Every structure is written in structure tokens, then in C-alpha cells.
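Peer 1: Start counting the sequence shown at 17; every next residue gets the next number (this note's numbering). We put the CB at the ideal spot given by N, CA and C, even for glycine. It should be emphasised that the depicted structure is a prediction, and the values quoted were computed from it without experimental measurement.
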Amino acid sequence: MSTETVTAAAPDLRRWTPPTVEVRRGGVLGADLAGFDVLAVPVAAGQGADAPLQPRPGAADAAVRYGIDLAAACTAEGFTGRAAQTTRLPVPAPEGSPRRLLVVGVGDSSPTALRRSGAALARAVGSAPGDVATTLADGVGSAGARAFVEGFLLASYVPPVSGRRAATAPAPRRLLLLGAVDTADVRHAEVSAGATVLTRDLAATPSNLKDPQWMTAQALEVAAGLRLKVEVRDEDRLRREGFGGLLAVGAGSASSPALVQVGWTPRARPDAPHVVLVGKGITYDTGGLGIKPRESMVAMKTDMAGSAAVLAVVAAAARLKLPVKVTGLLALAENAFGAAAYRPGDVVTQYGGRTTEVNNTDAEGRVVLGDALAYADAVLRPDVLVDVATLTGAATLGLGKRHAALYSGDAELVAQLEAAASASGERVWHMPLVEDYVSALDSDVADARQVTTTPGHGGGSIVAALFLRPFTGGRRWVHLDIAGTGRADGPEHEVVKGATGYGARLLLEWLETSVAAGAR
17 MSTETVTAAA PDLRRWTPPT VEVRRGGVLG ADLAGFDVLA VPVAAGQGAD
67 APLQPRPGAA DAAVRYGIDL AAACTAEGFT GRAAQTTRLP VPAPEGSPRR
117 LLVVGVGDSS PTALRRSGAA LARAVGSAPG DVATTLADGV GSAGARAFVE
167 GFLLASYVPP VSGRRAATAP APRRLLLLGA VDTADVRHAE VSAGATVLTR
217 DLAATPSNLK DPQWMTAQAL EVAAGLRLKV EVRDEDRLRR EGFGGLLAVG
267 AGSASSPALV QVGWTPRARP DAPHVVLVGK GITYDTGGLG IKPRESMVAM
317 KTDMAGSAAV LAVVAAAARL KLPVKVTGLL ALAENAFGAA AYRPGDVVTQ
367 YGGRTTEVNN TDAEGRVVLG DALAYADAVL RPDVLVDVAT LTGAATLGLG
417 KRHAALYSGD AELVAQLEAA ASASGERVWH MPLVEDYVSA LDSDVADARQ
467 VTTTPGHGGG SIVAALFLRP FTGGRRWVHL DIAGTGRADG PEHEVVKGAT
517 GYGARLLLEW LETSVAAGAR
């Protein structure tokens, strides 16, 4: 009797193709818009309760082109002009004009309002084939144009599809920007939105396809052609160099852990400031021997969202040629349970020699981050060290799903990140590093406990940040707990359901407007 081993083919993974964005100088009147399905024009609310609507660039010309009384039509449709409100006006399209005319509210025309209006336009257009022409980015300045394009691209996003399908993917949609729009602003928006899209794609990929080796391959692929330096520490090298945290967390999985280092160094800038970004990269989290409830495991393919954001930011820094040296560390492991899994009560020797008493195998993120932070401090010696992690449920309980918990004892860094959050739309809330809580991590057998065992202590996100702090060696440091913001239960403005891609635009904005601006 003979036996035959059959290996099942891996499912296809089809990624979304973003809309192509074009710029055409000129307005609505006389423009050849044949082939475009939608024309969208901006209208703002009047100043005061009874003030009339305020047409923005292109709106009055569209009214002439379509032969309508715009104010009367908007009033009939209950349109108020608030940011992100959209209404299709039921008017016949003249020959050569898009068949659908949409008015989009832009509120106060701030970047936040325009980002939300771009997202609302994308959702109003829907997934049906059809190209869009609009004047919403006309005359709104660089920040406004960037925000509008970001919002449209991000709300158009569709997560990757795994599994074989006979149907072919639809052709990418075109977005035509009419009027005074700088193509440099459009390209910048495409890079920043692209960083979020890459983060979403990586985080949304199912974990039967995604393990530390897959993430390593993605880093190598992203680095190709961008002059990024990649260094991979596999399991053997991690063992030789003493990365005990990564090895402990990854011990229970058939997929071995890895530490991937990817870096952008600007040419001819030996004095460039050096920022190291560390991302938690747990490609699936069962909780280990402290196994999670089934419901809590469902979203755990996104537990590597921090590492995805870090990879995306390094790539975007290279695309924008920022005058900042940026090194990303992807701390990759799968937290599974098995005969070799690490246990509650174990003492783990982390990179650099600091020891950790394990009390909860489901608090694995801080263990792998400890190794990466200690390595960054000892070897890379950055000017600023930032870690990004879907770390604690406590952060979600305290702040919900639209603010990340921001920890740092450096007031200047806090102010910079808060400004970047306001500009990017990825919100943060500065949380305290409560010194009285440090004793909750005291251990009789190691340098520190991994979690507090004091019943009812609370402050889990704060305690986690305090656990990480010693690994930074006293360097300027920021910890971002994105457990709430890294995934969403439903769409809201530019945020989509599932993996949100949070952190990529925030960190890119900070690198460009604070770090790079100071280096020029």
C-alpha cells in the first residue's frame, strides 16, 4: 500500500488597487468630462442659523452647466452644508456631463472637515464602477488638498481577499481634481494614504497566511527598490544574541520568531537625527497557555498592527526622502500554546540581561517589545525611540477606539505628537506614567513582574508602559498603545471596519513636521 502526501495550495490574496488621482487645471464650465460618472462640488454651511448656503469653487458653475437653482435644489433635499454631508441632486445631465451631480458639505473647510468630506464622497459613490470629477480640492491650500485626497483614498479602501474567485478585479477608479491643485500635494497624499493602506493590508491578512516568516518576506518586498537596508534575525540568531523575550513568546508556535530591522538613511546627511520605531508583531495571539476566550481571538490577526505601521512609515519616509534616519524594528512572533510554550511563573532573560517574571502569557506584547527596545538602546543608540503596539485592553476601556494612549515623560515629544495627531486625524491622549505604580511590578525572583498581581489594581495600560520604560535606557521615548485604534467595529469617516492602519499617518506627520523640520 502506498501513501501520497498532498499539499493544499495556499489561497490567493488579492489586494485592493487604489484610485488613480489626476489633476486638471480649470473649472467645471467647458470641461470635457465625458467618461466620468460623478461630478461632485463643495458647498459650505452659512454663518449663522438663517444664513444661506455658501457655494465653494465649482458649485455655481455646475449649477449653470446643469441648468438648476443650486440653493433651491439643496434646500429641497434638506442639505445643510455640514462637513461630510452628501446629497445627489436629481437633475438630468446635459450631454457630455457626468450623469450624477453630488453636492458635498465641507463645513468650515478645515483639513479635518475636508478629510471627512473626501471620505463621505468615496462612500456616496460606492463600490459600483465609475470615475469621479470634483472641485473639492480647488483653492483649499496644501493641507486641505492633502486631507481631501487622503480621505477619499482611505474610505475607498477594500480589505485584501483570500480564496480563489473566478471574477476579475474591477479596474481602479479615477479621481479627477479640477481647479488650482498642486500635484505635489496630491503625490504627498498618495504616499501618506498609501502608508495607511499598507498597514491595513498587512494587518487584515488572515493568520493562516501570515506568520513571522511571511511578515519578513513582506518587509523584504517593500524594501526592494526603495534603498532600504533590511537585516533579519531568525530564531538561531536570536538565540545566539540573547533575545530571550522573543524566543519565549514564540516557543509554543510551529512558526519561529524573528526580529526584522529595516532602515532609511538619507544621502549625504551623516548628521541626520536618528529615530527608531519599534512595532509589536504578534501575527496571531491565542493568549498562549493563558488562552483567550474564543470571542477575543477573532480579531487577533491584527495583533501585529504596530509592526505593520512601523514598516509602512519607514517606506513612506524613503518615498518622501525625509532628512531623517529612520530605523524600524519588527518584533515578530506567534503566541500559541503547545508543549514548548512559555508558562506562568517562568523567568525570562531579555536582551541585555534584564529578567522578567512571567505572570500572564497573554501579556506577551510587552515581552517582545522589551527585547527590541533594549536592542535599540544598546546597539542603535537613537535620538528618539518610539514603540507602537496593540498592547492592552485597558487602553480601550479608558479611551475607546478613536484615541491611542500616549505615554512619555518628555513634554516636547508629547506636544509634537499631539500636533501631529491633530493634523493627521489620528488622535492621541497623553496618559500619566504614575510613579506610585512602579512597585506593582516588583518581583521576588526577577528584575520585574510582567504584570501586576495585585487584585483590583487597575491602570493596566499605565503599568504596561512602566514595564517597558527600563528597556529604553533613559532615552527620549514615546509609547503608543493602539489596542483600541488599531481595529474598528465599523466605518467612521476615513476609518474602515477591521484593520484601521492607525499610526502610520500620525508618525509620518510627526517625522516630517517635527523631526525633519528641525533637521533642515
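#1: Can you list, in chain order, the residues of its chain with a C-beta nearer than 6 angstroms to that of G258? Leave out the 5 residues immediately preceding and following it.
#2: Could you name the residues that DSSP lists as bridge partners for L105?
#3: Within its chain, find whatever has a CB closer than 6 angstroms to the CB of F164; leave out the 5 residues flanking it on each side and keep chain order.
#4: Measuring only the C-alpha atoms, how far is V207 from L524?
#5: Does T371 come out as helix, strand or coil in the three-state DSSP assignment?
#6: Indicate the three-state DSSP secondary structure (helix, strand or coil) for E525 in the structure shown.
#7: For a minimum of 4 consecutive residues, which ranges assigned as the alpha helix (DSSP H) are wholly contained in the segment 293–339?
#8: Which same chain residues end up closer than 7 angstroms to A182 when comparing Cβ atoms and leaving out the 5 residues on each side of it in sequence?
#9: Let me confirm a value: S125 is counted as buried when at least 16 other C-beta atoms fall within 10 Å, else exposed. Which label applies?
#10: When the Cα atoms are used, what is the spatial distance from T36 to T371?
#11: A347 to G361, Cα distance in whole Å?
#12: What residue from R162, R310 and D301 has the CA that sits closest to K317's CA?
#13: Could you check the C-alpha separation between P448 and P471 for me, to the nearest Å?
#14: Can R503 and A315 be called in contact, C-beta distance under 8 angstroms?
#15: Any contact between the segment 379–398 and the segment 289–297? By contact I mean 3 or more CB pairs, one from each, below 8 angstroms.
#16: Suppose contacts are defined by Cβ-Cβ distances below 8 angstroms. Is A481 in contact with Y423 by that definition?
#17: With 16 as the cutoff for other CB atoms within 10 Å, does A274 come out buried or exposed?
#18: Q63: buried (16+ other C-beta within 10 angstroms of its C-beta) or exposed?
#19: Going by DSSP, what residue range makes up the alpha helix (DSSP H) through A235?
#20: Taking the alpha-carbon of F52 as reference, which of T150, L305 and N224 has the nearest alpha-carbon?
#21: Closest to G167 by C-alpha separation, out of A99, A144 and L389, would be which residue?
#22: With the cut-off set at 8 angstroms, would you say A499 and T377 are in Cβ contact?
#23: Given L29, which residues of its chain have a CB within under 7 angstroms of its CB, disregarding the five upstream and five downstream residues?
#24: Ends of the beta strand (DSSP E) at G279?
#25: According to the neighbour-count rule (16 or more other Cβ atoms, all chains shown, within 10 Å of its Cβ), is D460 buried or exposed?
#26: Please classify E442: does DSSP put it in a helix, a strand, or coil?
#27: Looking only at DSSP bridge pairs, what is N351 linked to?
#28: To the nearest angstrom, report how far apart Q277 and V148 are at their CA atoms.
#29: Find the nearest neighbour of G266 within the set A92, G297, G514 and E508, judged by alpha-carbon distance.
#30: Which residue from L433, T406 and Q234 puts its Cα closest to that of A515?
#31: Where do the N-terminal and C-terminal ends of the beta strand (DSSP E) with H495 fall, by residue?
#32: Kindly indicate the opening and closing residues of the alpha helix (DSSP H) around P127.
#33: Whole angstroms are fine: how far does the CA of A235 sit from the CA of L327?
#34: Quick test of the definition: if touching needs 3 or more C-beta pairs under 8 angstroms, does the segment 418–438 touch the segment 325–340?
#35: Is G303 near Y358, with beta carbons less than 8 angstroms apart?
Peer 2: Result, derived from the coordinates:
#1: Closer than 6 angstroms at the Cβ level, and outside the excluded window around G258, lie Y367.
#2: Beta-bridge analysis with DSSP links L105 to L117.
#3: For F164, where only same-chain residues beyond five positions count, the Cβ hits under 6 angstroms are L130, G134, L152 and A153.
#4: Straight-line spacing of the CA atoms in V207 and L524 works out to 10 angstroms.
#5: In the three-state reduction of the DSSP assignment, T371 falls in the strand class.
#6: Three-state result, E525: helix.
#7: If you keep only unbroken alpha helix (DSSP H) runs of at least 4 residues inside the segment 293–339, you get 310–313 and 321–335.
#8: Any reading at A182 needs caution, since the residue's pLDDT is 49, under 50, leaving its predicted position unreliable; the model's value is listed next. Cβ neighbours of A182 beyond the five flanking positions: none.
#9: Label assigned to S125: buried.
#10: Roughly 51 angstroms between the two C-alpha positions.
#11: Cα-Cα distance, rounded: 23 angstroms.
#12: Nearest option by C-alpha distance: D301.
#13: The C-alpha of P448 lies about 21 angstroms from the C-alpha of P471.
#14: A315 sits close to R503, with the two beta carbons spaced by under 8 angstroms.
#15: The count of Cβ pairs closer than 8 angstroms, one atom from the segment 379–398 and one from the segment 289–297, reaches three, so the stretches are in contact.
#16: Using a Cβ distance threshold of 8 angstroms, A481 and Y423 count as a contacting pair.
#17: The residue in question, A274, is buried, as its Cβ has 16 or more Cβ neighbours within 10 Å.
#18: With fewer than 16 other Cβ atoms within 10 Å, it is exposed.
#19: It spans P228 to A239 - the alpha helix (DSSP H) in which A235 sits, taken as one unbroken run.
#20: Ranked by how close their Cα comes to the Cα of F52, the residues T150, L305 and N224 have T150 in first place.
#21: Closest option to G167, Cα to Cα, is A99.
#22: Going by C-beta atoms, A499 is not nearer than 8 angstroms to T377.
#23: Cβ neighbours of L29 within its own chain (closer than 7 angstroms, five residues either side excluded): P176, S178, T221 and L225.
#24: Taken as a continuous stretch (DSSP letters only), the beta strand (DSSP E) holding G279 covers A274 to W280.
#25: Flag for D460 reads exposed.
#26: When DSSP states are grouped into helix, strand and coil, E442 belongs to the coil group.
#27: In the DSSP assignment, the residues bridged to N351 are D301.
#28: Distance between the alpha carbons of Q277 and V148 is about 40 angstroms.
#29: A check of alpha carbon separations from G266 across A92, G297, G514 and E508 identifies G297 as the nearest.
#30: Closest by C-alpha distance to A515, out of L433, T406 and Q234, is T406.
#31: For H495, the enclosing beta strand (DSSP E) covers residues R492 to D497.
#32: DSSP places P127 in the uninterrupted alpha helix (DSSP H) bounded by P127 to V141.
#33: About 7 angstroms.
#34: By the criterion of at least three beta-carbon pairs nearer than 8 angstroms, the segment 418–438 is not in contact with the segment 325–340.
#35: At the C-beta level, G303 and Y358 stay beyond 8 angstroms of one another.
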